[in-house]
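Asker: The structure follows.
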Amino acid sequence: PALFRRKDYRPFPWLVPEVAMDFALGLERTDVTTVLRVARNPAAEHADTIRLNGDEIEPAGVWVDDEPASDWRMDGGDLIIPLSGDAHDIRVDTVVAPSANTKLMGLYASDGMLCTQCESEGFRRITFFPDRPDVLSTYRVRMAGPKAQFPVLLCNGNLEAEGAGEGDHHFAEWHDPWPKPSYLFALVAGQLVANSDSFTTMSGREVALNIWVRDGDLPRTGHAMESLKKSMRWDEEVFGREYDLDLFNVVAVSDFNMGAMENKGLNVFNTKYVLADEDTATDGDFDGIEGVIAHEYFHNWSGNRVTCRDWFQLSLKEGFTVLRDQLFSQDMGSAPVKRIEDVRVLRGVQFPEDSGPLAHPIRPDSYKEISNFYTSTIYNKGAEVIRMMRTMAGEQRFRQGTDLYFERHDGEAATCEDFVRAMEDGAGLDLGQFRLWYEQAGTPRVIARLEHDGTTAKVHLSQEVPATPGQPHKRPMPIPLKLALFDRDTYERGEEQLVVLDEAQKTIAFGGFAETPVLSINRGFSAPVTIAREASRDDLVFLAARDDDPFARYEALQELVVRQLKDAVEGKLDSEARDKGELAIGDALSAVLADGNLDDSMRGELLLLPSEGYIAETLAVADPARIHAERRGLRAVLGRMLEAEFVALHDRASAVPFSLDAEARGARKVKAQALVYLADGNPERSAEMAFAQYQGADNMTDRQSALMVLTGLDGVERTNALIDFYNRYQGNALVIDKWFALQASSMHPHCLEHVKALAGHRDFTLKNPNRVRSLYMAFAANPHAFHAADGEGYRMIANLILALDPINPQTASRFVPPLGRWRRIEPGRSALMREQLERLAAADLSRDTAEQVSRSLG
Ligand code: HT7
Ligand code: ZN
């Protein structure tokens with residue numbers, strides 16, 4: 026397959042200012058007529074043909090300026106039409122089969138309704154078109170179909186006409202006045218009902234809001250609607266962005282490859298990110314909905330009004346929009362907790378990506394299949410890169426930068442370079458060297474050493490940027506580090522400083538310290554780097570107890586645990602050192618449990634042990650079985666050491682009545698944590714408590730956390746709770762997804778066999794991405810099961826990829842990265858992982874999966 030290169034970008038030779046489409050809708054067959062008004066692009070090279078992209082479609086007729094054309098030809102999937110004049114009308118008819126479209130790209134059927142997914146290259150599966158983000162057009166769309174089957178007909182923009190058609194048919198005509206790229210096109214037709222509301226924008230315009238769902242789901246749309254209204258207000262207040270149509274529609278569909286899609290005026294969502302009530306959704310689900318609703322809404326400016334010139338610029342819209350949704354969620358709840366959660370995602374997913382065979386810069390240089398680049402690097406590291414600009418500029422100047430960016434590029438297809446330039450001009454930053462963050466892959470490593478002499482403390486900083494595929498040598502990056510020094514005796518903190526480490530090494534001196542102070546570094550996680558600091562265990566205990574930066578406090582605790590587990594895994598601990606370390610961690614956690622100044626939500630973060638994946642990431646080569654055993658062993662020790670405290674915490678938190686407010690949510694979080702520690706420390710007691718919690722639960726958060734603990738244990742409580750949960754929620758797809766996921770991510774020693782059996786369950790299907798992810802993604806992220814010593818976990822994932830690839834290549838290819846970690850795993854398992862990748866490489870794979878497999882082996 027072809028390799029697309031960023032440097033090969035050329036403007037499209039034709040402008041397409043207007044598009045008119047006509048859809049005769051049917052689940053089995055939909056007829057599409059598309060008329061493009063085209064004109065020569067004065068900014069591009071002359072061409073005597075036009076290339077219209079197509080994928081798995083054929084032209085049923087081609088007309089140029091109302092005359093049937095016969096001189097067209099196909100080049101692969103693309104349609105090439107000779108054009109001699111400066112402006113033409115091109116009509117192309119196509120026929121598509123939505124029910125047969127299992128890839129869920131283009132026009133497809135889901136639960137009897139029709140819907141579309143066009144980003145990034147799905148529009149070409151509906152009609153022939155220059156399917157690239159720099160071709161912007163206004164769209165006029167007529168859609169018609171049987172009224173009983175498709176009573177609701179939706180498209181982008183404003184509804185201009187609707188009425189009865191022939192026989193039992195009806196029609197609707199939509200017009201979107203905002204020029205947009207084809208990837209933002211959307212159409213939905215089906216039996217839907219709406220939760221309707223309205224929003225008055227800052228300039229006083231009334232916007233009708235609808236969240237469209239299946240009939241029975243209406244009672245679970247309230248949170249999504251509230252989230253939408255909050256997002257609209259927040260974007261006005263914080264970024265000065267106002268909504269620009271009279272209508273904003275959101276549709277929930279149950280078959281969807283990703284989380285949601287920001288189509289202009291018609292967002293399409295995975296039901297998972299719309300539907301919630303306390304009986305069926307956890308607190309985490311509620312947060313997910315708020316964040317994703319905000320994210321898609323914010324795209325209306327960062328993505329739609331200003332779009333991307335080409336897909337290499339994907340992080341321009343995704344990184345920026347993730348930052349915007351993160352800041353929004355920080356403002357809606359606890360900012361420090363949200364920051365810790367975001368960093369956990371970054372470290373759990375992006376750092377491994379950045380240190381593995383799939384590492385790429387946030388602005389990649391090449392790709393074979395763009396769908397493979399909707400990565401944590403593009404999204405989460407992209408957000409961190411813009412966050413660093415904000416940290417360096419300060420909030421106010423950052424806003425001046427974003428204002429200038431929107432003003433300069435409104436209605437355009439822009440580049441990452443345009444964003445950086447707007448930041449330089451608007452925020453007054455010099456980002457010359459900072460551009461390296463767009464070019465270089467890999468997570469920089471900062472080494473910090475503190476030296477004390479007389480009354481001066483010197484912080485010696487140095488950096489290393491690791492080699493990544495295709496980038497053996499790196500230049501030093503500008504790394505903004507917030508740091509502070511604490512007086513060891515008085516506990517007083519010196520002023521926080523922002524130091525930009527922009528060379529290989531730098532030393533910063535601080536006066537006025539009679540004794541060696543304690544260094545707090547990368548406060549607030551000011552830069553997406555790893556830190557190696559020469560801090561003693563006492564220093565970490567000090568920071569874990571009193572650092573006033575919540576992230577730094579969390580970080581100190583994490584480091585304390587990571588060091589202990591690393592040493593244990595590497596066999597460096599004799600029994601005395603082990604005991605000492607466990608005691609220090611136990612004391613630190615005990616202090617967290619007793620600290621009356623902490624809210625429970627933050628307490629829950631501090632209690633969370635670093636994940637097995639994160640510990641593995643700190644080791645050059647990891648033995649997953651040893652990491653698992655040591656981590657669980659430590660949790661068992663802590664569970665026993667602090668048993669009384671955890672039981673008391675569970676009792677106290679259980680007395681808080683259900684509500685969605687922060688206090689009650691915090692209580693549910695620590696309640697779950699207490700059970701998890703007790704499950705390893707005293708399994709019988711934990712099983713009893715968990716079963717009681719399960720039975721008494723009046724909300725999904727408590728029910729799920731209890732079931733999670735029970736699923737990892739053996740006994741009749743486990744069996745009974747799983748049966749009860751299934752029976753109670755049978756027919757509710759999103760909750761049955763949880764039922765699958767809980768078992769696939771369980772600590773049970775027979776988890777792998779359970780997953781095998783669940784794959785044959787009558788509710789399991791490869792056709793629904795949520796269901797596939799709930800079973801197999803949960804499994805692949807469950808180290809003790811996935812890394813079974815005989816390689817059975819790897820074989821199972823490879824089998825899944827082979828079975829899923831012909832059905833849904835986008836979803837299949839997302840299962841390759843877990844196998845791609847083979848270089849960082851101990852030799853026995855590493856060989857078994859590689860064996861499965863080679864087995865995949867020998868198969869006839871989609872472009873998506875083939876690219877990921879070959880990069881993973883490469
Ligand atoms: N911009 C959206 C990306 C997306 C997508 C990409 C490929 C295939 C299917 C997809 N569905 C949605 C989502 C977002 O980041 O907002
Ligand atoms: Zn997005």
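Number 883 marks the last residue of the sequence shown (the UniProt record's numbering); no jumps.
Positions of the beta carbon are idealized from the N, C-alpha and C atoms, including for glycine.
1) Among the candidates 365, 81, 135 and 249, whose CA atom is the shortest distance from the CA of residue 626?
2) Could you check whether the region 165-173 touches the region 115-135, counting it as contact only if at least three pairs of C-beta atoms, one from each stretch, sit closer than 8 angstroms?
3) Closer than 7 angstroms: is that where the CB of residue 283 sits relative to any heavy atom of the ligand HT7?
4) Grab me the residues of residue 34's own chain with a C-beta within less than 6 angstroms of its C-beta, minus the 5 sequence neighbours each way, in chain order.
5) Who does residue 154 pair with in a DSSP beta bridge?
6) As a quick exercise: from 177, 197 and 374, pick the residue whose alpha carbon is nearest that of residue 276.
7) For residue 555, tell me which candidate among 543, 784, 175 and 639 has the shortest Cα-Cα distance.
8) Got a sec: does the ligand ZN put a non-hydrogen atom nearer than 7 angstroms to the Cβ of residue 402?
9) Do residue 415 and residue 453 come within 8 angstroms of each other at the CB atom, strictly closer than that value?
10) Quick one, are the C-beta atoms of residue 780 and residue 804 less than 8 angstroms apart?
11) Between 663, 782, 94 and 186, which lies nearest to residue 706 when the distance is taken from Cα to Cα?
12) How long is the line joining the alpha carbons of residue 29 and residue 388, rounded to whole angstroms?
13) Between the region 356-364 and the region 526-545, do at least 3 Cβ pairs fall closer than 8 angstroms?
14) Along the chain, which unbroken stretches of the alpha helix (DSSP H) at least 4 residues long are found entirely within the region 359-393?
15) Which of helix, strand or coil does DSSP assign to residue 731?
16) Check the C-beta distance from residue 89 over to residue 113 and give it rounded, since I have them as a contact under 8 angstroms.
17) Per DSSP, what are the beta-bridge partners of residue 116 in this structure?
18) So is the beta-carbon of residue 399 under 7 angstroms away from any non-hydrogen atom of the ligand HT7?
19) Could you say which of 217, 239 and 289 lies nearest to residue 199 if we only look at CA atoms?
20) Output yes or no for whether 8 angstroms exceeds the beta carbon distance between residue 115 and residue 74.
21) Whether or not the region 404-414 and the region 309-329 are in contact is what I'm after, with contact meaning three or more pairs of Cβ atoms, one per stretch, closer than 8 angstroms; do they touch?
22) Decide if the region 827-846 is in contact with the region 858-871; the criterion is three or more beta carbon pairs, one per stretch, under 8 angstroms apart.
23) Using 8 angstroms for Cβ pairs, my map puts residue 272 next to residue 213. What's the rounded Cβ distance?
24) Please determine whether the Cβ atom of residue 286 lies at a distance below 7 angstroms from any heavy atom of the ligand HT7.
25) Among residues of its own chain, excluding the 5 on either side of residue 349, which ones have a beta-carbon nearer than 6 angstroms to its beta-carbon?
26) Hey, quick one: how far does the alpha helix (DSSP H) through residue 658 stretch, first residue to last?
27) Can you give the Cα-Cα distance for residue 498 and residue 782, rounded to whole angstroms?
28) The ligand ZN: which residues have Cβ under 6 angstroms from any of its heavy atoms, chain order?
29) What do you get for residue 584, buried or exposed, if any count of 16 or more other CB atoms within 10 angstroms of its CB means buried?
30) Helix, strand or coil: which one does DSSP assign to residue 805?
31) Quick check on residue 203: does DSSP put it in helix, strand or coil?
32) Could you tell me the distance, in whole angstroms, from the CA atom of residue 760 to the CA atom of residue 520?
33) Just to confirm the assignment, what range does the beta strand (DSSP E) spanning residue 165 have?
34) Over what stretch of residues does the beta strand (DSSP E) that includes residue 234 continue unbroken?
35) Out of 651, 642, 645 and 629, which has the shortest C-alpha to C-alpha gap to residue 675?
36) Looking at the secondary structure, which residues open and close the beta strand (DSSP E) in which residue 545 lies?
Answerer: Looking at the atomic coordinates:
1) Measuring from the Cα of residue 626, the nearest candidate turns out to be 365.
2) By the Cβ rule, the region 165-173 does not count as touching the region 115-135, because fewer than three pairs are nearer than 8 angstroms.
3) Yes; taking the cut-off as 7 angstroms, the Cβ of residue 283 has a heavy atom of the ligand HT7 nearer than that.
4) 335
5) 78
6) 177
7) Among 543, 784, 175 and 639, the Cα nearest to that of residue 555 is on 639.
8) no
9) no
10) yes
11) 663
12) 13 angstroms
13) no
14) List check, alpha helix (DSSP H) in window: 360-370 and 376-379.
15) helix
16) 6 angstroms
17) 60 and 88
18) yes
19) 289
20) no
21) no
22) yes
23) Not confirmed; about 13 angstroms, so no contact.
24) It does: the Cβ of residue 286 is within 7 angstroms (strictly closer) of some heavy atom of the ligand HT7.
25) 323
26) 649-666
27) 48 angstroms
28) 320, 324, 343 and 346
29) buried
30) helix
31) strand
32) 49 angstroms
33) 162-171
34) 231-238
35) 629
36) Per DSSP, residue 545 belongs to the beta strand (DSSP E) from 543-546.
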